[in-house]
Structure formats: structure tokens, C-alpha cells
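Just remember that our numbering sits 78 ahead of the position in the sequence shown, which is counted from 1. Where a beta carbon is used, it is the ideal one built from N, C-alpha and C, also for glycine. Small disclaimer: the values here were computed from a predicted structure and weren't measured. Reviewing the structure listed below.
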Amino acid sequence: MTTEVTGTPDETVLEAQFADTIGRKDRIEPRDWMPEKYRKTLVRQVAQHAHSEIIGMQPEGNWISRAPSLRRKAILLAKVQDEAGHGLYLYSAAETLGATRDELTEKLIAGKQKYSSIFNYPTLSYTDVGTIGWLVDGAAICNQVPLCRTSFGPYGRAMIRICKEESFHQRQGYELLMTMMRGTDEQRASVQESVNRFWWPSLMMFGPPDDDSPNTEQSMEWGIKTHTNDELRQKFVDMSVPQAEALGVTFPDDGLKWNEERGHYDFSTPDWDEFWAVVKGNGPCNDQRVNHRKRAWDEGAWVREAALAFAENSAAGATDDAAPTDDTAPTNPATTAEEAAK
Ligand code: BYC
């Protein structure tokens with residue numbers, strides 16, 4: 079299915095082809111015709127996802143200079159760098175839909191686009207690095223593995239790589255907490271305290287309950303989402319309880335118990351008023367996160383300008399140059415051998 083057809087294709091034919099592609103669970107690619115609302119929904123979700131990765135570097139990045147050992151520091155640096163990479167894959171996916179990274183970042187800074195509520199909570203101790211890895215990245219994996227099969231090609235392909243890295247993130251968090259649980263009473267208490275703070279916000283990451291989720295139905299029809307918010311939240315609870323037992327911690331929910339009939343854990347209702355307050359900008363760290371992002375964006379302006387000027391100059395230089403001859407072929411034997419091997 080391509081828009082590059084001669085003549086003016088009938089919109090109803092294009093719509094039927096689009097529906098057919100979705101029905102076959104095939105991918106929609108950037109040059110394919112798509113309904114404007116589908117494109118807008120994707121830009122909204124992919125931008126929000128990209129912003130979450132970039133803003134999500136802050137709570138943990140805050141601890142890089144205070145890591146308790148060289149090993150922990152190397153792990154945390156790698157993780158935070160991965161998150162920057164995830165943001166870039168996702169901004170690139172949004173770019174294929176016609177939304178530039180500059181435009182999206184400006185919207186984020188102006189408060190016109192969202193990012194995940196979870197990053198508006200503070201990280202009060204190094205233990206939180208472990209808890210974020212275990213619970214926040216664990217929730218992210220639950221949400222993102224199904225997104226590998228989302229209907230828009232560039233988004234789904236970005237998610238495949240992101241999920242591989244997220245699973246390392248989750249394991250490093252669990253391993254950090256497990257190490258602490260084998261340590262002193264004080265360390266065990268710190269893990270439990272951190273888990274108590276992050277449990278409910280992690281459940282809120284999946285979004286509002288299905289009854290209160292205006293976008294789910296249409297996004298499911300279009301194959302952008304393949305599971306509802308509540309389905310994924312339940313999956314996360316079911317997955318996390320045995321992990322908590324193995325770790326030796328509890329979740330702060332008296333209503334958490336196995337339901338034989340349903341084959342799932344029952345759990346209490348998260349505080350949705352708190353969720354909406356955080357989403358609307360009134361969480362503990364909203365201002366701090368957005369201001370920090372704005373400062374980094376402003377301070378990086380000269381780098382973007384310099385890179386652009388360099389690219390323009392190089393392009394102008396390349397046009398002026400004579401067509402390359404064999405003399406201009408790479409002479410570095412390593413490069414030549416590598417190319418020959420391809
Ligand atoms: N926080 O109709 P709904 C990470 C908004 S990064 C804030 O259910 P939808 C990581 C929602 O946008 C993880 N806002 O929406 C990084 C909508 O408002 P708008 C980020 C939320 O889109 C670093 C309204 O509420 N993951 O893993 O169908 C370190 C109604 O919601 C939230 C993604 O972004 C929220 N939690 O479903 C560690 C995954 N939830 O936009 C880890 C991709 C909802 O209409 N996104 N809202 O103004 C998704 O899967 C979906 O967008 C959501 C929401 C499930 C989040």
C-alpha cells in the first residue's frame with residue numbers, strides 16, 4: 079500500500095486498504111496512506127514515550143556521581159545512556175510521521191505534551207536506583223513488549239531494540255536489591271521503604287483504568303495498542319508478586335491476594351486522584367524535571383547550531399567537489415577489507 083500512485087486515489091479505497099493492512103496485522107509504513115487521526119495518535123504516543131525516556135534519565139542520573147562502587151557507577155552510566163538512545167530511536171520514529179525532534183521538545187517544555195507520571199517522583203536514596211530498575215523498568219517491559227507488534231513499523235522496530243535493553247535494566251535493579259537484601263538490617267529496611275514508595279506510582283504507569291481511558295478503544299482498533307491499560311497492569315502485578323517473595327519484600331497493599339477463580343492476584347485501587355494531579359503537573363518533581371530539560375535544551379542550542387552549520391558546509395563542499403574517482407576510494411586497508419567482506 080503506497081501513497082505514491084498516479085492520479086488521485088479515491089480516499090475510500092485508501093481507507094479500505096489501510097483497514098485491510100491493520101486487519102492482517104501487517105505494518106503501516108511511513109510512506110503508506112494513513113488516516114490523519116491515526117498519525118496524530120501515534121505522534122502523541124511516540125512523543126510521550128520519547129519524552130519519558132529523556133526525562134527518565136534525570137531521577138537516576140542524579141545518583142551517578144554518588145554511586146557506591148565503580149561497578150555500580152559503570153552499570154548506572156550504561157543504563158542512563160541507554161535511555162538517551164531510546165529517546166533518540168523514538169524521536170526518529172516520530173520524525174517519520176512528520177514531527178521533528180525540535181518541535182516535540184518545544185512542546186514538552188511548554189507543557190503541551192506529556193511524559194510518564196512515574197518520573198515526577200523523587201529518588202531519595204541509591205536504593206531507588208534498584209527499585210526503579212526492578213519495578214519501573216519491569217512495568218515498562220510489560221507495556222513495551224506488546225508494542226513490538228504495534229501497527230506502525232518504525233515504532234515497533236524501535237521497541238524491539240528498546241525491550242532488549244530494558245530487560246538488562248530490570249535485571250540490574252533486581253540484582254542491586256537482592257545484594258542489599260543479603261546485607262544489613264538497615265539495607266533491608268531501605269529496600270522495603272523504597273519499594274513502598276514506588277509500588278503505587280509503578281501501577282499508575284499503565285495509565286488510567288480502561289473505563290476512564292479515552293484513547294484505548296480506538297488505539298486497539300488501529301493495532302497501536304494490543305492490550306488495554308488494565309490488562310497490562312494485571313500482568314505486571316501477577317509477575318511482580320513472586321519476584322517480591324523471592325526478594326523478601328512486601329507490597330504496601332492489604333488487598334493483594336491470589337484469586338483462585340480468576341487465576342490472578344486481586345489488588346486495591348490505586349489513588350487515581352494522585353495520578354491525575356501528577357499528570358496535570360502537580361506531582362512532587364514536575365517543575366524540577368521540566369525546568370531541567372529546558373535548561374539542557376537551551377544550553378545545547380549552540381551544539382545543534384554548530385552541527386547544522388557543519389552539515390550544511392559539508393553538503394556544500396561535497397557539491398563543489400569533482401565526482402569521486404578511484405583515487406578517492408578509502409585507502410585504509412582495514413576499511414577496505416571490512417567493506418570487501420560485506
Ligand atoms: N503518565 O487514554 P489513555 C521508561 C495520559 S519510559 C502520564 O489511557 P493511551 C523508562 C495519556 O497520555 C516509559 N500521562 O492514553 C525510562 C492521555 O493523555 P493525552 C514510558 C499518562 O495513550 C527511563 C490520558 O492520560 N512508556 O520505561 O491510550 C527509565 C488518558 O490515557 C499516563 C510509554 O510511554 C502516565 N503514566 O495509554 C526507566 C509507553 N498514562 O495524551 C524507564 C507507550 C496515561 O490524551 N505509551 N496518560 O493528553 C503507552 O503505552 C500509552 O500511551 C499509555 C497510555 C499506556 C501510557
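Does DSSP classify residue 315 as helix, strand or coil?
Shown here, residue 315 sits in a helix according to DSSP, grouped into three states.
Among 268, 204 and 119, which has the Cα closest to the Cα of residue 153?
The alpha carbon of residue 153 has as its nearest neighbour, out of 268, 204 and 119, the alpha carbon of 204.
Locate the beta strand (DSSP E) running through residue 343, then write down its first and last residues.
Looking at the DSSP string, the run of the beta strand (DSSP E) that includes residue 343 is 342-344.
So, for residue 191: in the same chain, excluding its five sequence neighbours on each side, which residues have a beta-carbon less than 8 angstroms away from its beta-carbon?
The residues are 122, 125, 126, 129, 182 and 185.
Consider the C-beta atom of residue 127 and the heavy atoms of the ligand BYC; say whether any pair is separated by less than 7 angstroms.
For residue 127, the CB falls within less than 7 angstroms of some heavy atom of the ligand BYC.
Is DSSP giving residue 300 helix, strand or coil here?
DSSP places residue 300 in coil when its eight states are reduced to three.
I need the straight-line Cα distance from residue 359 to residue 365, nearest angstrom please.
If you take the alpha carbons of residue 359 and residue 365, they lie about 7 angstroms apart.
First and last residue of the uninterrupted beta strand (DSSP E) at residue 335
Looking at the DSSP string, the run of the beta strand (DSSP E) that includes residue 335 is 335-337.
What would DSSP say about residue 388, mapped onto helix, strand or coil?
DSSP places residue 388 in helix when its eight states are reduced to three.
In this structure, does DSSP put residue 246 in helix, strand or coil?
Correct three-state label for residue 246: helix.
Inside the segment 160-193 only - alpha helix (DSSP H) runs reaching at least 4 residues:
If one requires a minimum length of 4 residues, the alpha helix (DSSP H) runs lying completely within the segment 160-193 are 179-187, in chain order.
Residue 305 versus residue 387 - alpha carbon distance:
Spanning the two alpha carbons is a distance of roughly 44 angstroms.
Taking 7 angstroms as the cut-off, does the CB of residue 284 come closer than this to any heavy atom belonging to the ligand BYC?
Checking the Cβ of residue 284 against the ligand BYC gives yes.
Just to confirm the assignment: which complete alpha helix (DSSP H) runs, minimum length 4, are found wholly within the segment 83-157?
Listed in chain order, they are 89-101, 114-133 and 135-139.
How is the alpha helix (DSSP H) around residue 272 delimited, first residue to last?
Residues 263-282.
Is residue 358 near the ligand BYC, going by C-beta to nearest heavy atom under 7 angstroms?
No, the ligand BYC has no heavy atom inside 7 angstroms of this Cβ.
Under 8 angstroms, with one C-beta from each stretch per pair, do the segment 206-220 and the segment 250-259 reach the 3-pair mark?
Contact between the segment 206-220 and the segment 250-259 is present, with at least three C-beta pairs closer than 8 angstroms.
When you compare the CB positions of residue 218 and residue 243, do they come within less than 8 angstroms of one another, or not?
No, the Cβ-Cβ distance between residue 218 and residue 243 is not below 8 angstroms.
State the DSSP-derived secondary structure class of residue 329, mapped to helix, strand or coil.
The answer is coil: DSSP assigns residue 329 none of H, G, I, E or B.
When you compare the CB positions of residue 331 and residue 345, do they come within less than 8 angstroms of one another, or not?
The answer is yes: Cβ separation under 8 angstroms.
For residue 343 versus residue 327, is the C-beta distance shorter than 8 angstroms?
No, these two residues do not count as a Cβ contact at 8 angstroms.
Within the continuous alpha helix (DSSP H) that includes residue 205, where are the two ends?
Segment 205-209, the alpha helix (DSSP H) holding residue 205.
Taking C-alpha atoms, which residue in 193, 368, 118 and 288 lies nearest to residue 310?
With distances taken between Cα atoms, residue 310 lies closest to 288.
Short check: CB of residue 157 to CB of residue 138, under 8 angstroms?
For residue 157 and residue 138, yes; Cβs fall inside 8 angstroms.
May I ask you to check if the CB of residue 171 is nearer than 7 angstroms to at least one heavy atom of the ligand BYC?
No.
Taking the Cβ atom as the reference point for each residue, do residue 120 and residue 175 lie within a distance shorter than 8 angstroms?
Going by C-beta atoms, residue 120 is nearer than 8 angstroms to residue 175.
Applying the 10 Å Cβ sphere with the 16-neighbour rule, what's the burial state of residue 198?
By the neighbour-count rule (16 or more Cβ atoms within 10 Å), residue 198 is buried.
Is the distance from the Cβ of residue 276 to the Cβ of residue 314 below 8 angstroms?
At the C-beta level, residue 276 and residue 314 stay beyond 8 angstroms of one another.
Contact defined as beta carbons within less than 8 angstroms: I believe residue 368 pairs with residue 189. What is the distance between those atoms, to the nearest angstrom?
The distance from the Cβ of residue 368 to that of residue 189 is about 7 angstroms, consistent with a contact at the 8 angstroms cut-off.
Cβ of residue 192 versus every heavy atom of the ligand BYC: is any distance shorter than 7 angstroms?
Indeed, a heavy atom of the ligand BYC lies less than 7 angstroms from the Cβ.
Beta-bridge partners of residue 230, as assigned by DSSP
In the DSSP output, where bridge partners are listed per residue, residue 230 has 106.
Specify the secondary structure class of residue 361 as computed by DSSP and reduced to three states.
In this structure, residue 361 counts as coil in the three-state DSSP scheme.
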